[in-house]
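Below you'll find the structure, written out as structure tokens, and then a few comments.
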Amino acid sequence: MAWWCPVGVTQSGERRGPPKGLPWSLVRRSAAVSLRSQSSVLYRHAVPMGTNAKEEMQNMDKNSRLARPLSPHITIYSWSVPMMMSITHRGTGVGLSAGVAVFAVSALVLPGDFASYLSLIQSLSLGPALICTAKFGLAFPVAFHSFNGIRHLMWDMGKGFRMPEVYRSGYAVLVLSVLSAIALAVL
Numbered sequence: 062m063a064w065w066c067p068v069g070v071t072q073s074g075e076r077r078g079p080p081k082g083l084p085w086s087l088v089r090r091s092a093a094v095s096l097r098s099q100s101s102v103l104y105r106h107a108v109p110m111g112t113n114a115k116e117e118m119q120n121m122d123k124n125s126r127l128a129r130p131l132s133p134h135i136t137i138y139s140w141s142v143p144m145m146m147s148i149t150h151r152g153t154g155v156g157l158s159a160g161v162a163v164f165a166v167s168a169l170v171l172p173g174d175f176a177s178y179l180s181l182i183q184s185l186s187l188g189p190a191l192i193c194t195a196k197f198g199l200a201f202p203v204a205f206h207s208f209n210g211i212r213h214l215m216w217d218m219g220k221g222f223r224m225p226e227v228y229r230s231g232y233a234v235l236v237l238s239v240l241s242a243i244a245l246a247v248l
């Protein structure tokens, strides 16, 4: 039975009063305060909308008429290693996803199997320098995205947030990515 319930009815339907020594007025008052505090939670953090879509579009027209840049604009920032690493991480993620999707669709749609396309590439006699460069171009995004993903996992654990550590880990990711991409390209 919930004795603090304002109506004071048990699950079986019998009506009961508050526990001995606790007056009904206290029960009613605490229930009213409880209900009032619960309803105010819904509205306490509500922020009224300042503008509507039409007003925002008029502001955008004014900004473009006055040749104002969008804020924050990329030209106001000085490029740093963490900024470039973040952009490159997103770019390699999108590129790898697109590459896997294109490879999968082409494997489904194109005639022949992988061995026939491999023999076609070998018959072109492209030379070892071009093949090694192409292999590096395929290996670097995979290596960079993998090592930078490990870096992000370390950040998720709360390690390496001080700026010297951010730069040090960024340079470490770059060096490891280049070295492992070279190693994979030479294979």
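Residues in the sequence shown are numbered consecutively from 62, following this note's numbering. Note that CB positions come from ideal geometry on N, CA and C, so glycine has one too.
Item                                                                                                              : Value
Backbone CA spacing between Leu181 and Leu237 [nearest angstrom]                                                  : 33 Å
Residue span of the alpha helix (DSSP H) that contains Phe222, given as start and end                             : Neither: Phe222 is in no alpha helix (DSSP H) and is coded neither H nor E.
Nearest candidate by alpha-carbon position, reference Ala246, set Arg229, Ala204, Met146                          : Ala204
Close Cβ partners of Val166 (< 7 Å) along its chain, the five nearest in sequence each way excluded               : none
Reduced DSSP category for Ala190 - H, G, I as helix; E, B as strand; rest coil                                    : helix
Straight-line gap, Ala200 to His206 (C-alpha atoms, nearest Å)                                                    : 10 Å
Sequence-distant residues of its chain with Cβ nearer than 7 Å to Ser230 (five each side left out)                : Arg212, Gly221
Euclidean distance between Cα positions of Met121 and Ser147                                                      : 28 Å
Close beta carbons around Ala244, own chain, < 6 Å, minus the five adjacent residues each side                    : none
Member of Asn209, Asp217, Trp216 whose CA lies at the smallest distance from the CA of Thr149                     : Asn209
Spatial neighbours of Ala242 in its chain, beta-carbon cut-off 7 Å, leaving aside the 5 residues before and after : Phe197, Ala200, Phe201, Ala204
Ala63 versus Val234 - alpha carbon distance                                                                       : With a pLDDT of 46 at Ala63, under the threshold of 50, the modelled position of that residue is not reliable, and no figure is offered here.
Beta-carbon proximity check, Val227 vs Pro143, cutoff 7 Å                                                         : yes
Tyr138 in three-state terms, based on DSSP                                                                        : coil
Thr136 versus Ala190: straight-line alpha-carbon distance, rounded                                                : 38 Å
Residue from Ala114, Arg126, Ser141 with nearest C-alpha to Pro225                                                : Ser141
N- and C-terminal bounds of the alpha helix (DSSP H) containing Ala128                                            : Per DSSP, Ala128 belongs to no alpha helix (DSSP H) and is neither H nor E.
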